[in-house]
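Novice: Handing you a structure now.
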């Protein structure tokens, strides 16, 4: 696996990740990647990336008794449009797409970009902070990933030059339908691992 800096986010997740210290993240500014080895030409194929991310999601969902997701072309088109926007602008924010849950990731490459599996594992790593009390979540990437009533997944991935640091950066967007992370529904949708 190549070296890369990573920012992963769901609503309020960035603050929670940095404050708890239970997940170690190297923010894009912390380490300057090697310009000689990273290239936006190494950006993954969106279809292959989406298929790999779906497999990784479903493997983790099975651990929590959640039914498998299906990859949805329309939702993937929306996710891809937002990933393209992020890559073009260098922004790192949620799309605000009505009705979807959303996990996003921004990765600045040193030698290679992370795989869909790597990103899914990072989102799932928040599980260490989740207490299964049913009251809410300070691990929103994890809870959205395993949210039992979510049925469809859309994935987008795009690469561009980050205007903040001038380095090749990959943006991943995963949209979920129906959305998870709904207050009052955690106990029914986020179960402890089998």
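In mature numbering (1 follows the signal peptide of the UniProt record, and there is no 0), the protein residues as written are -28 to -1, 1 to 166.
A virtual CB, placed ideally from N, CA and C, is assigned to each residue, including glycine.
These numbers come from a predicted model, not from an experiment.
(1) DSSP three-state label for residue 158, please.
(2) When you compare only the Cα positions, how much space is there between residue -7 and residue 100?
(3) Which complete beta strand (DSSP E) runs does the stretch 74 to 138 hold, if anything under 3 residues is left out?
(4) For residue 147, which of helix, strand or coil comes out of DSSP?
(5) If you drop the 5 nearest sequence neighbours on each side, which residues of the same chain put their C-beta closer than 6 Å to that of residue 164?
(6) Whether or not the stretch 136 to 145 and the stretch 71 to 85 are in contact is what I'm after, with contact meaning three or more pairs of Cβ atoms, one per stretch, closer than 8 Å; do they touch?
(7) Please report the distance separating the alpha-carbon of residue 48 from that of residue 128.
(8) If I measure Cβ to Cβ from residue 95 and keep anything under 7 Å in the same chain, skipping five residues before and after, which residues do I get?
(9) Using a 10 Å radius around the Cβ and a threshold of 16 neighbouring Cβ atoms, would you call residue 126 buried or exposed?
(10) Name the residue from 88, 153, 58, 60 whose alpha carbon lies nearest to the alpha carbon of residue 16.
(11) State buried or exposed for residue 24, treating a residue as buried only when at least 16 other CB atoms are found within 10 Å of its CB.
(12) Within the chosen definition, does the stretch 36 to 44 reach the stretch 151 to 164 through at least 3 CB pairs nearer than 8 Å?
(13) Let me check understanding here. Comparing Cα to Cα, which of 157, 159, 151, 147 lies closest to residue 175?
Specialist: This is what the structure gives:
(1) Here residue 158 sits in helix by DSSP.
(2) In this predicted model, residue -7 has a pLDDT of only 29, less than 50, meaning its place in the structure is not dependable enough to derive any value.
(3) Listed in chain order, the beta strand (DSSP E) elements of length 3 or more contained wholly in the stretch 74 to 138 are 124 to 133.
(4) Correct three-state label for residue 147: strand.
(5) Excluding five sequence positions before and after residue 164, the CB atoms of its chain that fall closer than 6 Å to its own CB belong to 104, given in chain order.
(6) The stretch 71 to 85 makes contact with the stretch 136 to 145: 3 or more CB pairs, one atom from each, lie closer than 8 Å.
(7) Looking at the two C-alpha atoms, the distance is approximately 6 Å.
(8) The answer, listed in chain order, is -21, 75, 113, 114, 117.
(9) Classification for residue 126: buried.
(10) If we check each option's Cα against that of residue 16, 88 comes out closest.
(11) Residue 24 is buried by the Cβ-count criterion.
(12) Verdict: yes, contact present.
(13) Coverage of the chain is limited to positions -28 through 166, which leaves residue 175 absent and any answer about it impossible.
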